[in-house]
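Protein sequences, first through last, are from chains A and B. Our numbering puts the first sequence at residues 5 to 262. Our numbering puts the second sequence at residues 589 to 980. Glycine is no exception: its CB is placed at the ideal position from the N, C-alpha and C atoms. Accompanying notes for the structure given below.
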Amino acid sequence: MEEILRAEHLRKTFKISAKQRKIERTEERCKVAVNDVSFSAYRGEVFGLLGPNGAGKTTTLRILSTLIGADSGDAIVCGCSVRKQPEEVRKHIGFMTSELKLESFFTPSYLFDFFSELHGVPKEKAMQRKQELFRKFGIDRFAEVKVGDLSTGMKQKASLVISIVQDPELIIFDEPTNGLDVLTAKVVTDFLIELKNMGKSIILSTHIFSLAEKICDRIGIIVDGNMIKEDTLAAITEKRSLEEEFFALYAQIKGENL
Amino acid sequence: MKSIAIIIKKELRRFFTDRRLLISVFMPGIMIYLLYSLIGNFLFSTPQSQEYKIAVQNPSATFQTVLDGYMQSEEVKDTYSLTVIESDGQAEEKKKELENKELDLLVIFSADFDEKLALYMQGVKPEQLPVMQVYYNALEQSSQSIYTIVTTLYDAMESSLANVFEVAGGNVATESDGFAYMLSTILPMLIMVFLFQGSMMMTPESIAGEKERGTFATMLVTPVSRSAIAVGKIIALSLVASLSGLSSFLGVIFSLPKMAGMSMSGLNIAYGFGDYLLLFANIIVLEMLFVALVSVISAYAHSIKEATAYSTVLMIVVMLVGMVSMVGTLPSALWVYFIPVFNAVVVINQIVTFSVSALGVALTIVANLVCVALLVLLLAKMFNNENIIFGK
Ligand SMILES: Nc1ncnc2c1ncn2[C@@H]1O[C@H](COP(=O)(O)OP(=O)(O)OP(=O)(O)O)[C@@H](O)[C@H]1O
Ligand SMILES: [Mg+2]
Chain A
5 MEEILRAEHL
15 RKTFKISAKQ
25 RKIERTEERC
35 KVAVNDVSFS
45 AYRGEVFGLL
55 GPNGAGKTTT
65 LRILSTLIGA
75 DSGDAIVCGC
85 SVRKQPEEVR
95 KHIGFMTSEL
105 KLESFFTPSY
115 LFDFFSELHG
125 VPKEKAMQRK
135 QELFRKFGID
145 RFAEVKVGDL
155 STGMKQKASL
165 VISIVQDPEL
175 IIFDEPTNGL
185 DVLTAKVVTD
195 FLIELKNMGK
205 SIILSTHIFS
215 LAEKICDRIG
225 IIVDGNMIKE
235 DTLAAITEKR
245 SLEEEFFALY
255 AQIKGENL
Chain B
589 MKSIAIIIKK
599 ELRRFFTDRR
609 LLISVFMPGI
619 MIYLLYSLIG
629 NFLFSTPQSQ
639 EYKIAVQNPS
649 ATFQTVLDGY
659 MQSEEVKDTY
669 SLTVIESDGQ
679 AEEKKKELEN
689 KELDLLVIFS
699 ADFDEKLALY
709 MQGVKPEQLP
719 VMQVYYNALE
729 QSSQSIYTIV
739 TTLYDAMESS
749 LANVFEVAGG
759 NVATESDGFA
769 YMLSTILPML
779 IMVFLFQGSM
789 MMTPESIAGE
799 KERGTFATML
809 VTPVSRSAIA
819 VGKIIALSLV
829 ASLSGLSSFL
839 GVIFSLPKMA
849 GMSMSGLNIA
859 YGFGDYLLLF
869 ANIIVLEMLF
879 VALVSVISAY
889 AHSIKEATAY
899 STVLMIVVML
909 VGMVSMVGTL
919 PSALWVYFIP
929 VFNAVVVINQ
939 IVTFSVSALG
949 VALTIVANLV
959 CVALLVLLLA
969 KMFNNENIIF
979 GK
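Shown next as structure tokens:
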């Protein structure tokens, strides 16, 4: 198995502003979002980062996609260091979260072209990919409608397709189905399965166990910024369901019964 | 380099396909023009021919000849009446009359003006140059025009005589509430405000807005460098804002003649092409400076609302700077041109009052461009800062 990503002792803390301290009623001046996270993901597999709210999933994925820098530790993504070659890393990955939006003023078709250009995809190839992807995911029907006028489901589809304009080796999804209704969520899940079938490597974060069980090959469970378990889905769910396993681990760590 | 071009293209497309934005860009110039030409026409509706009331002390023999020569020329339909005054006390009286707009022009020649001139022509250099003082009242249109006529005629004569005498004197108007006067003094402030508004039209929306809506982060996960995004945005936004600057500029240019009332009397002291060019360059650079300032503010702000609020505070400051020219005479020392924004106020004021210097404009442009470059660097740094991009 070829490693496509290796995170080594990632750590990230945030300074907490006085205003935020008041809101969260805490005296701490510094919040450890990610404490010490190491894991590996393999080519052609789906890696699921599982954890409760505030566990540090988003922070970890943002570090991996070079949107923010780690305090210490490093990650090798597609052979490049996120610390030393962030622009190189971004050439190889597609990153998608519900926080990243498309400008509502433009059409999916134009935005596809725009991001293709930013990624340096040759014009010919971009055209061909656009046709192919738009047809496959049913975007051709509203390719020329402004993003602002699209339904949430259509928007989601457009965002998904545009996050992979450059045909990335590794795709990183943060909570891909968060806040979507069942139909739109299914659009996304189907998209993920489609990508998996195409042989893409994927890392996704979620707190939805059913989704993880459905598509992940490998699971990492993260609680309070620490990776408390990392193994294949098959190994983790050998004795009990993923959900039960998670509760057991959580209780063990926190020393309390749920 | 290529990615900068891609970003510029996108920003411009955003602008040129939005009719609302397009219209708001060209409004300032149209407004300046309408405002000034309406008021200008109303104020300066000059009668067909004019009789000027002139008082002269120690009249030089040349004076009447020169003036008659002008008045009798084809296209001039004006006439004048001349009062010769005998004493200095009477001259003071006449100055009062000038202030009260009962007189249009007071000319005082030094006692031996003609003799000294004659000596000079024979090659004898007099100890003191002959002096000619011309007083007028800038608040009175007819006074302003005859002043322009006389000084221009004598200026021409003087330079043909190789600077043998001095033309002195000036404006006796002491009140500053005159409407025309006010118009010329609020012009720098108006330009400032319109230019600033031009920069505020798209910048908060393009930077704070993208941050707020989450479309900015989408761009940050592409291989494009943060500096390319900063440079691309500033260039595109400056281009758009410059259009609005151009519109303001044209508005000013077309209304200036109406303001100065220069369209009457056969004389025409127009601004040269070079002056216009300097004014335009000055306006564009100032616009870029405003865009860069508002960009940095917008990058710092969390929302369009916040960015607009902060920028409005800055606009009030800029407006106050623009108002300085309404309060008193502006300094013209060299250091003035190194103060960003203020230097532009000084230059615009100089252009309106026909006293612009090329060096001043050049220094102003350079100083402001240096500021723009520094702000672009700062913006790129801010885009690299995760607290700015993802800060809560
Ligand atoms: N920019 C920031 N400034 C301060 N604290 C932050 C910042 N970003 C994240 N945090 C804190 O770090 C911790 C981890 O956040 P993170 O968003 O990574 O969690 P998550 O696992 O994605 O949670 P969720 O399931 O709610 O999305 C949280 O306590 C959060 O409040
Ligand atoms: Mg999250």
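Query	Result
Where G334/A falls, given that 16 or more other Cβ within 10 Å makes a residue buried	What the structure shows of chain A is the stretch from 5 to 262, and residue 334/A is not part of that stretch, so it cannot be assessed.
Boundaries (first-last residue) of the beta strand (DSSP E) holding F18/A	7-19
Contact check, F4/A vs R222/A, beta carbons under 8 Å	Residue 4/A lies beyond the stretch modelled for chain A, which goes from 5 to 262, so this question has no answer here.
Proximity below 8 Å, CB of L922/B to CB of L783/B	no
Contacts of G1042/B in chain A (Cβ-Cβ under 7 Å)	Because chain B here runs from 589 to 980, residue 1042/B falls outside it and cannot be looked at.
Cutoff 8 Å: T806/B Cβ touching any chain A Cβ	yes
Cα-Cα separation, D194/A to I20/A	39 Å
Simplified DSSP assignment, three categories, for G52/A	strand
3 or more residues per run - each beta strand (DSSP E) lying fully within the segment 674-735 of chain B	693-697, 719-724
Supposed contact pair L174/A and S205/A - C-beta distance, whole angstroms, cut 8 Å	5 Å
Check: T63/A C-beta below 7 Å from any heavy atom of ligand 1	yes
E179/A Cβ short of 7 Å to ligand 2 heavy atom set	yes
Limits of the unbroken alpha helix (DSSP H) element including L874/B	861-888
Contact set for S120/A: own chain, Cβ-Cβ below 6 Å, skip 5 residues either direction	A130, V169
Proximal residues of chain B, C-beta to C-beta of S209/A below 9 Å	Simply none; closest approach about 15 Å.
CB contact flag (I219/A, I240/A, <8 Å)	no
heavy atom of ligand 1 below 7 Å from H890/B C-beta	no
V909/B to I627/B span [Cα, whole Å]	25 Å
heavy atom of ligand 1 below 7 Å from G58/A C-beta	yes
Where K243/A falls, given that 16 or more other Cβ within 10 Å makes a residue buried	exposed
A932/B: CB within 7 Å of a non-hydrogen atom of ligand 1	no
A74/A: CB within 7 Å of a non-hydrogen atom of ligand 1	no
Residue nearest to D171/A in terms of C-alpha spacing, selected from K161/A, Q24/A, G203/A	G203/A
Ligand 1 heavy atom lying under 7 Å from the CB of A37/A	yes
Where R602/B meets chain A, residues with beta-carbon distance less than 9 Å	E107, F109, F110
Contacts of M246/A in chain B (Cβ-Cβ under 9 Å)	The question names Met, but residue 246/A in the sequence shown is Leu. Chain B residues near L246/A: none, gap ~29 Å exceeds 9 Å.
Per DSSP, the bridge partner or partners of K35/A	F18/A
CB contact flag (S883/B, L825/B, <8 Å)	yes
Chain-ordered neighbours of E91/A on chain B, where CB pairs are closer than 7 Å	P811, S813
Residue-level contact to chain A via CB, M852/B, 8 Å cutoff	Confidence is the limiting factor: at M852/B the pLDDT is only 35, short of 50, which leaves the residue's position unreliable, though a coordinate-based value still follows. No, because no Cβ of chain A sits closer than 8 Å to the Cβ of M852/B.
Interface flag, L855/B vs chain A, CB-CB below 8 Å	Interpretation of L855/B is limited by its pLDDT of 35, a score under 50 that renders its predicted location unreliable; the figure taken from the coordinates is listed afterwards. It does not: the Cβ of L855/B has no partner Cβ on chain A nearer than 8 Å.
C-beta neighbour in chain B for F177/A, strict 8 Å	no
V644/B: first and last residue of the uninterrupted beta strand (DSSP E) it sits in	639-645
Any non-hydrogen atom of ligand 1 closer than 7 Å to F18/A Cβ	yes
Option in L838/B, L877/B, F651/B, N937/B with minimal Cα separation from S787/B	L877/B
Cross-chain neighbours of K598/B in chain A, by beta carbon under 7 Å	F118
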